[in-house]
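Protein chains: 2
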Amino acid sequence: MTNETGAHFLLENLLKSGVDTCFANPGTSEMHLTAAMEDYPDVTKVLCLFEGGATGAADGYARMTRKPAATLLHLGPGLANGLANLHNAKKAGSSMINIVGDHTTFHKKYDAPLNSDVEGTARPYSDWVKTTQGPGTLGTDAAEAIAAAKSHGGQIATLIIPADVAWSERDAELVYVTPTQQAPESAAIEQALQWLQNGKPTGIILGQDALFGEGLKLAGQIAAGSGATLLSPYASARTERGYDLPETTRIPFPVDAAVATLSRFEQLILIGADEPVAFFAYPGKPSRVAPETAKLMSVATPRDDIGRALKQLATLIGPAKSPTPESLNVPVSAGALTPDLLTDVVAASVTEGLIIVDEGVTSTRSFFGKSAGCPRHDYLVNVGGSIGAGLPLALGAGIACPDRPVLCLSGDGSAAFTLQALWSMARHNLNVTTIICANNSYEILKGEMFRVGAMTPDGPKNPLLELDGPCMNWVSLAEGFGVSAQRCETAEDLTAVLQTSLASPGPYLIEAAL
Amino acid sequence: MTNETGAHFLLENLLKSGVDTCFANPGTSEMHLTAAMEDYPDVTKVLCLFEGGATGAADGYARMTRKPAATLLHLGPGLANGLANLHNAKKAGSSMINIVGDHTTFHKKYDAPLNSDVEGTARPYSDWVKTTQGPGTLGTDAAEAIAAAKSHGGQIATLIIPADVAWSERDAELVYVTPTQQAPESAAIEQALQWLQNGKPTGIILGQDALFGEGLKLAGQIAAGSGATLLSPYASARTERGYDLPETTRIPFPVDAAVATLSRFEQLILIGADEPVAFFAYPGKPSRVAPETAKLMSVATPRDDIGRALKQLATLIGPAKSPTPESLNVPVSAGALTPDLLTDVVAASVTEGLIIVDEGVTSTRSFFGKSAGCPRHDYLVNVGGSIGAGLPLALGAGIACPDRPVLCLSGDGSAAFTLQALWSMARHNLNVTTIICANNSYEILKGEMFRVGAMTPDGPKNPLLELDGPCMNWVSLAEGFGVSAQRCETAEDLTAVLQTSLASPGPYLIEAAL
Chain A
1 MTNETGAHFL
11 LENLLKSGVD
21 TCFANPGTSE
31 MHLTAAMEDY
41 PDVTKVLCLF
51 EGGATGAADG
61 YARMTRKPAA
71 TLLHLGPGLA
81 NGLANLHNAK
91 KAGSSMINIV
101 GDHTTFHKKY
111 DAPLNSDVEG
121 TARPYSDWVK
131 TTQGPGTLGT
141 DAAEAIAAAK
151 SHGGQIATLI
161 IPADVAWSER
171 DAELVYVTPT
181 QQAPESAAIE
191 QALQWLQNGK
201 PTGIILGQDA
211 LFGEGLKLAG
221 QIAAGSGATL
231 LSPYASARTE
241 RGYDLPETTR
251 IPFPVDAAVA
261 TLSRFEQLIL
271 IGADEPVAFF
281 AYPGKPSRVA
291 PETAKLMSVA
301 TPRDDIGRAL
311 KQLATLIGPA
321 KSPTPESLNV
331 PVSAGALTPD
341 LLTDVVAASV
351 TEGLIIVDEG
361 VTSTRSFFGK
371 SAGCPRHDYL
381 VNVGGSIGAG
391 LPLALGAGIA
401 CPDRPVLCLS
411 GDGSAAFTLQ
421 ALWSMARHNL
431 NVTTIICANN
441 SYEILKGEMF
451 RVGAMTPDGP
461 KNPLLELDGP
471 CMNWVSLAEG
481 FGVSAQRCET
491 AEDLTAVLQT
501 SLASPGPYLI
511 EAAL
Chain B
1 MTNETGAHFL
11 LENLLKSGVD
21 TCFANPGTSE
31 MHLTAAMEDY
41 PDVTKVLCLF
51 EGGATGAADG
61 YARMTRKPAA
71 TLLHLGPGLA
81 NGLANLHNAK
91 KAGSSMINIV
101 GDHTTFHKKY
111 DAPLNSDVEG
121 TARPYSDWVK
131 TTQGPGTLGT
141 DAAEAIAAAK
151 SHGGQIATLI
161 IPADVAWSER
171 DAELVYVTPT
181 QQAPESAAIE
191 QALQWLQNGK
201 PTGIILGQDA
211 LFGEGLKLAG
221 QIAAGSGATL
231 LSPYASARTE
241 RGYDLPETTR
251 IPFPVDAAVA
261 TLSRFEQLIL
271 IGADEPVAFF
281 AYPGKPSRVA
291 PETAKLMSVA
301 TPRDDIGRAL
311 KQLATLIGPA
321 KSPTPESLNV
331 PVSAGALTPD
341 LLTDVVAASV
351 TEGLIIVDEG
361 VTSTRSFFGK
371 SAGCPRHDYL
381 VNVGGSIGAG
391 LPLALGAGIA
401 CPDRPVLCLS
411 GDGSAAFTLQ
421 ALWSMARHNL
431 NVTTIICANN
441 SYEILKGEMF
451 RVGAMTPDGP
461 KNPLLELDGP
471 CMNWVSLAEG
481 FGVSAQRCET
491 AEDLTAVLQT
501 SLASPGPYLI
511 EAAL
């Protein structure tokens, strides 16, 4: 091997653009890329046992760093294993560059066993897809992929590299392509300003960069100066929260509750969010949850320059006095764990700088309401709704922010989709604490079925919704992947174990008996 | 709920066509289908914690029963999680009907979080894809899906059902569509006969139904009557083996060995197999492994009526004396396990009727050569090459043949992709014994990298190929999913534990230390 292959050239392209982290599950078609990686010590390489761990981790990484990681995936089927979390990442507006190996250009036509339509596999879950046809176009292809990943606030770019492109001599120049993003239209800013000053009940639905950092502060200023209410979609990529930060009202998951929350507004202004719609449709319930009589306008879509829109609007509104910070004290009762007690314990245990990934589904639904007054923390949820994002997101957040503790709240059913991420947490000794909310049931589905009358709470159980035969032993599963673990049955136990774990290096898993 | 919904109607269609087994991981969009399933006790419902377990199990089920199972998957991302094993099933020519829920017809346009291009997701890994547009077309759509799954010896059919089609009142009649399959052309049969009688060195490469049951016996008769050599592709869906059955020479995985195996043939006749090609292309090596000078002809593609082709050809060849059965005795040495000792132990432990699923990759490569003289058994391997098929195939074989023991040989890296299948084995108390060949390494990739010079055996390790930091504890992982397990370090231990497990009901896992 020399440093003169296409594989080396591609890695240099990525490094020069700041893409220095790769979540990988390689195979034979990627062996020259895998070998070349060892020649670049500046690349952080995270081996994942399952590809959904890689794409989900890259999502978590992008949310915390606001820059893309690369994934390295093996042909169409390896990419396919990563698609569900690509879906989630795409819906979260995360930035990512998937490097997918393919058969050599001259072997493809023989339809060997692992051959499939890689571009077709990528397309439904990527914003940009391209197969490099030869070493000569690798420079422009890589530059386009990187620019695509960085455009519109973050996109999924999938670059397919035939094995012979990776193993051939480098034959291209480094190229740079500028990422693009739509600036806000001044007419929209003016109309929003008018709505904010006309005295009508107004909600501002925030999304993406409006929910953390500078964006959130500007949104708080706009709300304080106009009297508007800040809202956020049920599922947002990253929400910064804490007692001294502007608070948003989260639009609930159940349709009726969402409709009720929005019913008092006559005007809804979207900044970085789409119009709120129901997660699913139900017989006789609306798809759109905003009042039919309310007027809606968008200042910036999730893909636009949200920071600029907020800055312009905040400048027009002028400075405003922020509400006095209110630190809430969450009282924790003792006793056998329930979902409500569990979220009490977690809210009481939040420390400054904690990153929380919440895929606790029904078990942790009460957490968001309790944690507004906690010390400052980041709150990440599954945005695309494909369950199995939680553990991988926590892995990626841990790689992105090795100095911050990460807490992953997961359902037991949820964690079972992508539990292999635990192994990568152990491998990198990340301070990630995972709480498995072990209710041995697809509880969310039961709730949905009760709601539509497809099942009754006092009727017979449907075995397709029960995880209790056998119950999973999460202590055993975690230890199998090299993560120490403990089962907690009471609030007192959970409090003690959780607080120790958050303060200690390395991963830990807690099976919370519900 | 009444029995009068579209969901009920669909299930009745499936049952009337003999599709009575469903591997499922349902979600909200499938809740009416999930509820309706409880109204049909004749449907065997197998809950899978991960969708790749469902599609892989349906593959194993189809290989053993030669009929389709249904899968039930949640929207585009749930289907996506099943794609890698759909790829393997498609390459294996397995029959399957994927029922995938989608958003209601009226909600789709709002692009809710879980919305994606479901048809686009299905297409690269399905032979037939359709979305039912309303309750009125469900009868023809279901019939077409069933016929597609049963056509050409087995296909992947994906039927997408919007939630409102499932919950609406039934509004269609039961319809029947005839599956199709190409009969052999008489010109091809005649040419093959001529080749078999012209005295030149001739190989017959068998695939699909030619490798077990009646097909294999006919193939044996043709070989005995003509002097031709029977061959099989490296990866075949199902091979029946045993001391009193015709034996096939398996074309090796490494390109050089494959070329050497085929070099002596001047004529190659394909019956149920495609032309053999290299799994991957390597610098300076050929893609086609048959001699350039050899003549090739196809009597039946893997999609054609292979049984009929064999019958016609065997009739023309006439009866022939089969070679005398030769029962081989595999001597087993004692001592610390090595891949070679491990396959000795397994070959010595094969019992009549055993179903073996082999995804042991490098660790079990010597098994096939040793097991020709074993009692009759079925041998299933990963045909599409996307690792992670083993455990799900074993699950499906166990559901298909509850009275036969199943032995799953798996690499540790392989098993980590889809280990959730263990839970479903425990749930259904299947007599599946899984041996994890624990070498803590992606050994196959190292071999490939040595071969092309991307790494040297005495050079530094590449962390992306090492699974030893931390080593997985497979006893712990299995117990976490409710499967009893034990680690074996010697051949004596493995022999004792394996033979007990095969003879005992319920699943068991053995971590074989290599």
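From first to last, the protein sequence lines are chains A and B. Just so we're aligned: 127 in our numbering is position 127 of the first sequence, and the numbers increase by one with no gaps anywhere. Just so we're aligned: 19 in our numbering is position 19 of the second sequence, and the numbers increase by one with no gaps anywhere. We put the CB at the ideal spot given by N, CA and C, even for glycine.
#### Entry: Endpoints, alpha helix (DSSP H) assigned at alanine 149(B)
Here residue 149(B) is taken as the residue at index 149 of the second sequence, counted from 1. That run of the alpha helix (DSSP H) goes 138-150.
### Contact residues within the segment 324-342 of chain A, judged by C-beta distance below 8 Å to chain B
Within the segment 324-342 of chain A, no residue qualifies.
### Query
If you scan the segment 395-476 of chain B from start to end, which runs of the alpha helix (DSSP H) of 4 or more residues do you find wholly inside it?
412-415, 421-427, 443-452
### Task
Identify every run of the beta strand (DSSP E) within the segment 229-293 of chain B, keeping only runs that are complete inside it and at least 3 residues long; order them along the chain.
229-232, 239-241, 267-271
### Query
Near glutamate 443(A), what residues of its chain come up, given a Cβ to Cβ distance below 6 Å and the 5 sequence neighbours on each side ignored?
On the first sequence, position 443 is the one that residue 443(A) refers to. Counting only Cβ-Cβ distances below 6 Å, and skipping sequence neighbours, we find Thr362.
### Query
In angstroms, rounded to a whole number, what distance separates the CA positions of leucine 33(B) and alanine 7(B)?
By 1-based counting over the second sequence, the position of residue 33(B) is 33. By 1-based counting over the second sequence, the position of residue 7(B) is 7. Whole-angstrom Cα-Cα distance: 5 Å.
### Message
Given this structure, state the Cα-to-Cα distance separating glycine 396(B) from glutamate 352(B), to the nearest angstrom.
### Response
Locating residue 396(B) in the second sequence gives position 396, where the first residue counts as 1. Locating residue 352(B) in the second sequence gives position 352, where the first residue counts as 1. Between glycine 396(B) and glutamate 352(B), the C-alpha separation is close to 19 Å.
### Query
What in chain B is Cβ-close to asparagine 3(A), meaning under 7 Å?
Along the first sequence, one-based indexing puts residue 3(A) at 3. Simply none; closest approach about 13 Å.
### Task
Using beta-carbon positions only, say whether leucine 409(A) and isoleucine 355(A) come within less than 8 Å of one another.
Within the first sequence, residue 409(A) is the residue found at index 409, counting from 1. Within the first sequence, residue 355(A) is the residue found at index 355, counting from 1. Remark: C-beta atoms of leucine 409(A) and isoleucine 355(A) do not approach each other more closely than 8 Å.
### Task
Look up aspartate 519(A) in the DSSP assignment and give the residues it is bridged to.
In the structure as shown, chain A begins at 1 and stops at 514. Residue 519(A) is therefore absent and cannot be evaluated.
### Message
Check this for me: beta carbons of alanine 438(B) and alanine 334(B), under 8 Å apart or not?
### Response
Reading the second sequence from its first residue, position 438 is the one you call residue 438(B). Reading the second sequence from its first residue, position 334 is the one you call residue 334(B). No, the pair does not count as a contact, with Cβ atoms beyond the cut-off.
### Query
In three-state DSSP terms, what is valine 345(B)?
Counting from one through the second sequence, the residue named residue 345(B) turns up at place 345. Helix, per DSSP.
#### Entry: CA nearest to the CA of threonine 324(A), picked from Gly272(A), Gly242(A), Ser441(A), Gly284(A)
As a first step, residue 324(A) must be located in the first sequence, where it is residue number 324. When only C-alpha atoms are compared, the closest one is Gly242(A).
### Query
Using Cβ-Cβ distances below 7 Å, what residues of the segment 85-97 of chain B are close to chain A?
His87, Lys91
#### Entry: Residues bridged to aspartate 493(B) [DSSP beta-bridge criterion]
Within the second sequence, numbered from 1, the residue matching residue 493(B) stands at position 493. Paired residues: none, contrary to the question.
### Task
Show which residues of chain B have a CB atom less than 7 Å away from the CB atom of lysine 311(A).
If you number the first sequence from 1, residue 311(A) lands on position 311. Residues of chain B with a Cβ closer than 7 Å to the Cβ of lysine 311(A) do not exist; the shortest Cβ-Cβ separation is about 28 Å.
### leucine 498(B) - DSSP class collapsed to helix/strand/coil
In the second sequence, the residue the question calls residue 498(B) occupies position 498. If DSSP states are grouped into helix, strand and coil, leucine 498(B) belongs with the helices.
### Query
Does DSSP classify proline 375(B) as helix, strand or coil?
The residue you call residue 375(B) lines up with position 375 of the second sequence. The answer is coil: DSSP assigns proline 375(B) none of H, G, I, E or B.
### Message
Can you list, in chain order, the residues of its chain with a C-beta nearer than 7 Å to that of methionine 1(A)? Leave out the 5 residues immediately preceding and following it.
### Response
Translated into positions along the first sequence, residue 1(A) becomes position 1. Bear in mind that the predicted position of methionine 1(A) carries a pLDDT of just 47, short of 50, making it unreliable; the figure below should be weighed with that in mind. Excluding sequence neighbours, methionine 1(A) sits near Ala35.
### Task
Indicate whether methionine 297(B) and isoleucine 269(B) have their beta-carbon atoms separated by less than 8 Å.
Here the question's residue 297(B) lines up with position 297 in the second sequence. Here the question's residue 269(B) lines up with position 269 in the second sequence. Yes, the pair counts as a contact, with Cβ atoms nearer than the cut-off.
### Query
How many angstroms separate the CA atom of serine 501(B) from the CA atom of arginine 250(A)?
In the second sequence, residue 501(B) corresponds to position 501, counting from 1. In the first sequence, residue 250(A) corresponds to position 250, counting from 1. The C-alpha of arginine 250(A) is placed about 53 Å away from the C-alpha of serine 501(B).
### Query
Would histidine 107(A) pass as a contact of serine 116(B) if the rule is Cβ separation under 8 Å?
Position 107 of the first sequence, counted from the first residue, corresponds to residue 107(A). Position 116 of the second sequence, counted from the first residue, corresponds to residue 116(B). For histidine 107(A) and serine 116(B), no; Cβs fall outside 8 Å.
### Query
When you compare each of Arg376(B), Gly385(B), Ala348(B), Leu391(B) to lysine 370(B) by their alpha carbons, which one comes out closest?
If you number the second sequence from 1, residue 370(B) lands on position 370. For the residues Arg376(B), Gly385(B), Ala348(B), Leu391(B), the minimum Cα distance to lysine 370(B) belongs to Ala348(B).
### Message
Applying the 10 Å Cβ sphere with the 16-neighbour rule, what's the burial state of tyrosine 508(B)?
### Response
Here residue 508(B) is taken as the residue at index 508 of the second sequence, counted from 1. So tyrosine 508(B) ends up on the buried side.
### Contact with chain B by threonine 434(A), beta-carbon distance below 8 Å
Counting from one through the first sequence, the residue named residue 434(A) turns up at place 434. No, threonine 434(A) lies away from the interface with chain B (no Cβ there is under 8 Å from its Cβ).
### Task
Please classify leucine 15(B): does DSSP put it in a helix, a strand, or coil?
In the second sequence, the residue the question calls residue 15(B) occupies position 15. Looking at leucine 15(B) - three-state DSSP - the assignment turns out to be helix.
### Query
Taking any Cβ of chain A, which residues in the segment 15-39 of chain B have a Cβ under 8 Å from it, in chain order?
Ala24, Pro26, Gly27, Thr28, Ser29, Met31, His32, Thr34, Ala35, Met37, Glu38
### Query
In this structure, does DSSP put valine 118(B) in helix, strand or coil?
Position 118 of the second sequence, counting from 1, holds the residue named residue 118(B). Here valine 118(B) sits in helix by DSSP.
### Message
Tell me the rounded alpha-carbon separation between leucine 262(B) and isoleucine 271(B).
### Response
Residue 262(B) sits at position 262 when you count from the first residue of the second sequence. Residue 271(B) sits at position 271 when you count from the first residue of the second sequence. When rounded, the distance between both Cα atoms is 16 Å.
### Task
Could you list which residues in chain A have their beta carbon closer than 9 Å to that of threonine 44(B), in chain order?
The residue labelled residue 44(B) in the question sits at position 44 within the second sequence. Simply none; closest approach about 11 Å.
#### Entry: Per-residue DSSP class, three states only, for proline 521(A)
With chain A represented from 1 up to 514, any question about residue 521(A) goes unanswered, as that position is not in the structure.
### Task
Could you list which residues in chain B have their beta carbon closer than 7 Å to that of threonine 104(A), in chain order?
The count along the first sequence starts at 1 and reaches residue 104(A) at position 104. Within 7 Å Cβ-Cβ: Ala281.
### Message
Along the segment 227-250 of chain A, where does the CB come closer than 7 Å to a CB of chain B? Name the residues.
### Response
Ala235
### Task
Quickly, what does DSSP pair leucine 296(B) with across the bridge? List them, please.
For the purposes of this step, residue 296(B) is taken as residue 296 along the second sequence, with counting starting at 1. Beta-bridge partners assigned by DSSP to leucine 296(B): Leu268(B).
### Task
Could you spell out where the beta strand (DSSP E) holding lysine 45(A) opens and where it closes?
Here residue 45(A) refers to the residue found at position 45 of the first sequence. It spans 44-47 - the beta strand (DSSP E) in which lysine 45(A) sits, taken as one unbroken run.
### Task
Compare the C-beta of histidine 107(B) against all C-beta atoms of chain A and say whether one is closer than 8 Å.
The count along the second sequence starts at 1 and reaches residue 107(B) at position 107. Closer than 8 Å: yes.
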